[in-house]
Structures are given as C-alpha cells and as structure tokens.
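Chemist:
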Amino acid sequence: MKTKSKILVFTFLLAMGLISSCQYDNIIEPVTPPPNPTDTVSFVNQIEPIFNNNSNCTACHFTGGGHSDLTTGNAYNSIKSMGLVNLSDPEASIIYWYPNLDNSSDHTWKKYTAEEAQLVLQWIKQGALNN
Ligand code: HEC
Numbered sequence: 379m380k381t382k383s384k385i386l387v388f389t390f391l392l393a394m395g396l397i398s399s400c401q402y403d404n405i406i407e408p409v410t411p412p413p414n415p416t417d418t419v420s421f422v423n424q425i426e427p428i429f430n431n432n433s434n435c436t437a438c439h440f441t442g443g444g445h446s447d448l449t450t451g452n453a454y455n456s457i458k459s460m461g462l463v464n465l466s467d468p469e470a471s472i473i474y475w476y477p478n479l480d481n482s483s484d485h486t487w488k489k490y491t492a493e494e495a496q497l498v499l500q501w502i503k504q505g506a507l508n509n
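Okay, so the sequence shown: first residue is 379 according to this note's numbering, each after it adds one.
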C-alpha cells in the first residue's frame with residue numbers, strides 16, 4: 379500500500395472511532411433517577427418498578443385479583459380507570475395516600491417507603507403521565 383492510501387485508511391479509521399465513541403457517550407444515560415423535584419418522573423422506569431420489584435405490590439395486585447392491577451403494562455390503565463389519581467389534589471390520590479407509610483389507612487400489609495411515596499406524589503403532580 380502506498381503511504382498516501384495508508385494515511386487515508388488511518389484517517390478514516392480514526393474518524394470512525396471518534397464518531398462511534400461520541401455516539402456511545404450519547405447512548406449512556408443514568409438509569410437510577412436522582413430524586414430531583416424538577417426531573418420528570420417516568421412511570422415505566424420509576425413507578426412500575428415500585429409495584430413489581432420482588433412482587434412488592436403485584437403479589438396481591440395482579441391481573442384479575444379484584445384490586446387494582448399493578449402489573450407491568452397494566453398498572454397505568456388500572457390506576458386511571460379506577461380513578462386512583464386526583465390531578466387537582468395530588469395528595470388526595472388513592473394510589474398515593476392509601477399505601478403510604480405516613481398514613482393510617484387499613485392497608486397495613488404493605489406501605490411505600492418514604493422515597494417511594496415521594497416519587498409517586500411527584501409523578502402525580504407532574505400530571506400522572508404515561509411515560
Ligand atoms: C398482601 C397483599 C397486598 C400487598 C402486598 C399490597 N396490597 Fe394493596 N391492597 C390489598 C387489598 C386486599 C386491597 C383491598 C382492601 C383494602 O381496601 O384495603 C388493597 C388495596 C389497595 C389500594 C386501593 C385501591 C384498590 O386497588 O382496591 C391501593 C391503591 C393499593 N392497595 C396499593 C398497593 C401498593 C402500591 C402496594 C405495594 C407498595 C400494595 N398495594 C401492596 C392487598 C395488598
């Protein structure tokens with residue numbers, strides 16, 4: 379190979395390396411959400427996992443179980459159709475206060491941790507998006 383074409387090949391490879399490394403940087407995003415009040419809460423990435431991780435809620439709130447269906451893919455529709463969010467008074471939303479640690483409801487078998495309750499409330503305050 380002539381020196382000129384070697385330089386061309388080298389430049390090409392260098393350029394490809396730079397381009398792909400830039401794209402790679404763009405793909406990596408933080409998975410764990412910082413609990414920042416200005417961040418938009420993601421229902422799919424932050425709320426559904428509260429329900430599903432270790433069957434936290436879905437142990438009882440499963441499809442056809444007679445209560446709200448909090449399983450992945452069904453939770454949003456169930457919460458909405460059962461009227462468990464109150465957009466004009468987020469703190470009065472059943473999905474927020476009923477299983478809340480700070481609340482004396484009958485739902486004694488499982489409560490949100492303080493962080494989970496905060497996240498759910500923030501999600502409702504932001505319009506309970508299906509995001
Ligand atoms: C051991 C079973 C069990 C677990 C675990 C459980 N729940 Fe429940 N939940 C129930 C039952 C039974 C009811 C209906 C009786 C009642 O009103 O308390 C209910 C009612 C509710 C309601 C009122 C609306 C409805 O669906 O009837 C909400 C909201 C709720 N649960 C949310 C949660 C959340 C969120 C979790 C997880 C943090 C959770 N539950 C975990 C059994 C459970």
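For every residue, glycine included, the Cβ atom is placed at its ideal position computed from N, Cα and C.
The alpha helix (DSSP H) spanning F429 covers which residue range?
Modeler: E426 to N430
Chemist: Are the segment 416–433 and the segment 446–455 touching, with three or more C-beta to C-beta distances below 8 Å?
Modeler: yes
Chemist: Three-state secondary structure (DSSP) at N455?
Modeler: helix
Chemist: Can you tell me whether F429 sits near the ligand HEC, meaning its C-beta is under 7 Å from at least one heavy atom of the ligand?
Modeler: yes
Chemist: By a C-beta neighbour count over all protein chains shown, 10 Å radius and 16 as the cutoff for buried, is A495 buried or exposed?
Modeler: buried
Chemist: Got a sec? Which residues, its chain only, sit under 6 Å from K489 by beta carbon, not counting five neighbours each side?
Modeler: P477 and L479
Chemist: Can you check DSSP and say which residues form a bridge with Y490?
Modeler: N478
Chemist: Could you tell me whether the segment 456–465 touches the segment 498–509, where touching means 3 or more Cβ pairs closer than 8 Å?
Modeler: With three or more CB-CB distances shorter than 8 Å, the segment 456–465 counts as touching the segment 498–509.
Chemist: Just the Cα atoms here: how many angstroms apart are W501 and N481?
Modeler: Approximately 19 Å, taken between the alpha carbons.
Chemist: Could you check what DSSP says for S446 in three-state terms: helix, strand or coil?
Modeler: coil
Chemist: For W487, which of N423, P468 and N434 has the nearest alpha-carbon?
Modeler: N434
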